[in-house]
Amino acid sequence: MIEVLKLTADKTRLTILLLLQEKELCVCDLVEMIGISQPGISQHLRKMKQAGLVQERKQGTWMYYRLDESAHPVVQAILQHAPSLKEKLEVYEKQRNSMMCERENNG
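Residues 995 to 1101 in my numbering are what the sequence shown lists, from first letter to last.
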């Protein structure tokens, strides 16, 4: 349990968990939303996966991550009392969809 508390005490990992609580995401999405490097995000995800906090799913060349629903009850309680990042996720998705539409129209 101490390891789980250490993992959730890190602001970046807590942010990742809050985002994954809302939706399954790939590393590139997390890089864009959080603003740290891909290797940094991957390292955080690896630690959380080893602790049983997140699950991964491969689709083609992409790796998607989601919150492990059977994650430690302490993590569930922490996430329940932390501010939601649902609005931030919605804003990001609108921006991403807008950029995709622009690329399709220009390409």
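Each residue gets a CB set at the ideal place from its N, CA and C atoms; glycine is no exception.
Here the structure is a predicted model, which means the values were calculated and not measured.
Asked                                                                                                                                                        : Found
Measure the CB-CB distance between residue 1013 and residue 999 and report whether it falls below 8 Å.                                                       : no
Buried or exposed: residue 996, going by 16 or more other Cβ atoms within 10 Å of its Cβ?                                                                    : exposed
For residue 1069 and residue 1047, which I take to be in contact (beta-carbon distance under 8 Å), what is that distance rounded to the nearest angstrom?    : 6 Å
Could you check where the beta strand (DSSP E) with residue 1000 kicks off and where it finishes?                                                            : Per DSSP, residue 1000 belongs to no beta strand (DSSP E); it is in the alpha helix (DSSP H), 996-1003.
Can residue 1006 and residue 1030 be called in contact, C-beta distance under 8 Å?                                                                           : yes
Pull up the distance between the alpha-carbon of residue 1019 and that of residue 1059, whole angstroms please.                                              : 5 Å
For residue 1073 versus residue 1016, is the C-beta spacing smaller than 8 Å?                                                                                : no
Mapping the DSSP letters down to three states, classify residue 1019 as helix, strand or coil.                                                               : strand
Roughly how many angstroms separate the alpha carbons of residue 1061 and residue 1026, rounded to a whole number?                                           : 19 Å
Keeping to the same chain, check which residues put their C-beta closer than 7 Å to that of residue 1045; ignore five residues upstream and five downstream. : 997, 998, 1001
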